Every structure is written in C-alpha cells, then in structure tokens.
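441 is the number that my numbering gives the last residue of the sequence shown; the numbers go up by one with no jumps.
Idealized CB from N, CA, C, for every residue including glycine.
Being a predicted model, the structure only gives us computed values, none of them experimental.
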Amino acid sequence: MTLYGIGLGPGTADLVTVRGRRILEAADVVYSPGRLSRSVAAEHVPEDRIGDLDFPMTRDEDELRRAWREAAEEMAPRAREGTAAFVTLGDPNVYSTFGHLRRTLSAFHADVDIEVVPGVSAVTAFTTALGVEIASGASLTLHEAARGAAPTGPDRMILFKVTDVPTTHEQLVDAGYDVVYGRRLCMEQGETVVTDDPRTLDERDYYTLAYAEKHDLDSEPATAAFEDAESERTAGIGPRVQTDGGARSGSGLCPGDGFRRETVSMERAEGEACGDEVPEGKPR
Ligand SMILES: C[S@@+](CC[C@H](N)C(=O)[O-])C[C@H]1O[C@@H](n2cnc3c(N)ncnc32)[C@H](O)[C@@H]1O
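As structure tokens, this is what we get:
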C-alpha cells in the first residue's frame, strides 16, 4: 500500500542512501521519470523491475496534469498490490517531479500511502564538489536561473537550471557577484566540470548549477587564519572557494567518466518532465 519517493542523490550509484538502496532492492517495481535516474536506479534494481513513465515535452499545464494523472493511474495499483517506488535525482522534495506525483496521488488515489526517502541533493553536494563552505552564520538562498535568468539580492545563492551560462554570468558579475559553476557533479554520466570561466560552458547542459557570492563579504570563521595565504591569493572566488580560474573535469570526489555528447541530449528527460527542458525546435 506504499509508494516510496526515493532520492537517488546527484547521479552516482554509491551516493544513494542505505535506506534508499534497501527499499529499491525490495520494491516490486521502481518507476523512473528519466534516463539519468533510471541509470542510477539500475545499479540497484534489475532492469525487469524498472518501469518507465512517459511524459510529454511540454510546459502546457493541462497536458502536464493529464500526464501526471496517467502516471498515477499506472503506479497506484502497483502500490496497492505491494511496494512501488518512484525515483528522482537528488532529493524528491527539491525542484523535483515528485511533488507532481505526490499531489496527484493524494487527490485521486488517497488510499495509497506515500513515504519519502531523502536523497543527497545538489543543494548540499555542490559544496563538496565546488569546494565551498557555508560557514556558521552565513545564509544561502536557492533560486532557479533558467534561460539566462540572473536573480540577485542575497549574499550567497545557489542557482539551479543554469541553461544559458554566458547570459546569466554577465548579469551576475555586473551585480557584484563572484560565480563558480558545477556541471554534472558527482554524476556517472557525462563529464564533471567545475569552473569560473563561463566561456567553457557555452554549450547548454541542463545539469548545470552555479554558486554566486557577493564580492565584499568579509565574514571569516576563526580558523580561516590557519589557511595557507598563497592558496587564498590564487582562489578564483573569494577565500573559501577552490577553483583554478578555468575548467577542470572529474574532481577527485565526483569524477566524470568522459564526455559523450549524445548523453547530454538524451538525458534531459527529467527536465522535460518538469516542463523545464524542451529540445531545440519544439514549441514551449
Ligand atoms: C529538476 S532540478 C532537480 C534537483 C534535485 N531534485 C536535487 O535535489 O538535487 C535539476 C537541476 O538541479 C541541478 N542539478 C541536479 N543534480 C546536479 C548535478 N549532479 N550536477 C550539477 N547540477 C545538478 C541542475 O541545476 C539541474 O538543472
């Protein structure tokens, strides 16, 4: 009688939580809304227990509602018979398709229990991958920045869905921010890139985020005094962000396995399901 919403983490099989893995291994069926989440789930679940869902590439709300009703129609009986799971990258409650499923099930299949297993979100994984510390006393604001958007105001922001890096970058710099980007962090599919050079990211990739910090922040934790002065001088974005002023791929913590162009175009399904990512040439 339970449908589990399971967060798979940023995109590598060993960052799935122990609880998430245990439920995936025991579930009768595991639904995945996209190819990337499917490939991570497939490391823990035999292919014949993974169910695919079909979502239209549209931002039309009526069409999306129809698609979610159909998806819930498919999943609810499986959850009534046994244990069903729905996986998302990162955490199910952070900018995720899972919210649509939860609302649709609650409205039309209220007898199905829903349980969420949190995942390692890009909101937290970015700190390790980008070498950022959100120190005690600091604040961090979450924003979306799709299609060249550049929200400004807070001291520190993490920007999701940065699909037009050069346009977003120019506006953030004008507004007084230092910015570092992370692409395909801790993901098995595609190349991990961490850079503060927007020119290396002019090719669009949905799995890109940015960390933006105002230039003039002067808060320093007491132990910052221990840090090597030379590395502070050469850091690209203030004292606590480690970047080489350009691109590097496959950080030791979140290595990539080599860039495959077709991966980037194929693996947009989760963005498409959210209505975020519509392939070139398709109407929005
Ligand atoms: C629909 S949101 C999904 C967020 C996910 N639920 C989470 O908690 O991380 C997709 C956006 O998250 C960011 N993102 C998620 N995983 C990422 C990763 N491994 N590397 C870089 N960005 C990632 C990107 O900005 C992408 O456009």
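Check, Outcome
"Whether Arg259 touches Ile271 by CB criterion (8 Å)", "yes"
"Phe317: CB within 7 Å of a non-hydrogen atom of ligand 1", "yes"
"Simplified DSSP state of Asp209, which is helix, strand or coil", "strand"
"Helix, strand or coil at Ala267 according to DSSP, with G and I counted as helix", "coil"
"Stretch-stretch touch, CB-based, cutoff 8 Å, three pairs: the segment 180-195 with the segment 297-305", "no"
"Within 8 Å, strictly: CB atoms of Gly333 and Leu366", "no"
"N- and C-terminal bounds of the beta strand (DSSP E) containing Gly339", "Tyr334 to Arg340"
"With 16 other Cβ atoms within 10 Å as the buried cut-off, status of Pro249", "buried"
"Outcome for Asp205 when other beta-carbon atoms lying within 10 angstroms are tallied against a minimum of 16", "exposed"
"DSSP-derived helix/strand/coil call for Thr284", "helix"
"Opening and closing residue of the beta strand (DSSP E) in which Thr325 lies", "Thr325 -> not in any beta strand (DSSP E); alpha helix (DSSP H) instead, spanning Val322 to Asp331."
"Where Pro355 falls, given that 16 or more other Cβ within 10 Å makes a residue buried", "buried"
"Beta-carbon proximity check, Ser194 vs Thr245, cutoff 8 Å", "yes"
"Same chain, Cβ closer than 8 Å to Val197, neighbours up to 5 away in sequence not counted", "Leu165, Gly166, Gly168, Thr169, Ala170, Val173, Val244, Leu246 and Glu345"
"Where the beta strand (DSSP E) containing Val187 begins and where it ends", "Val186 to Ser189"
"Val350 CB to nearest heavy atom of ligand 1 below 7 Å", "no"
"Beta-carbon gap between Ala369 and Val322 smaller than 8 Å", "no"
"Opposing strand residues paired with Phe383 [DSSP bridges]", "Partner(s): none; Phe383 has no beta bridge."
"Opening and closing residue of the alpha helix (DSSP H) in which Glu216 lies", "The amino acid at residue 216 is misidentified as Glu; the sequence shows Arg. It is not in any alpha helix (DSSP H) - Arg216 carries neither H nor E in the DSSP assignment."
"Nonlocal neighbours in the same chain, by C-beta distance under 8 Å from Ser293, ignoring five residues either side", "Pro378"
"Distance, Ala286 Cα to His201 Cα", "24 Å"
"7 Å CB neighbourhood of Leu262 in its chain, flanking five on each side removed", "Leu160, Ala229, Ala233, Val269 and Ile271"
"Contact set for Arg405: own chain, Cβ-Cβ below 8 Å, skip 5 residues either direction", "Legend: pLDDT at Arg405 = 44, less than 50; position of this residue unreliable, no value from coordinates given."
"Bridge partners - Tyr161, DSSP secondary structure assignment", "Ala242 and Glu272"
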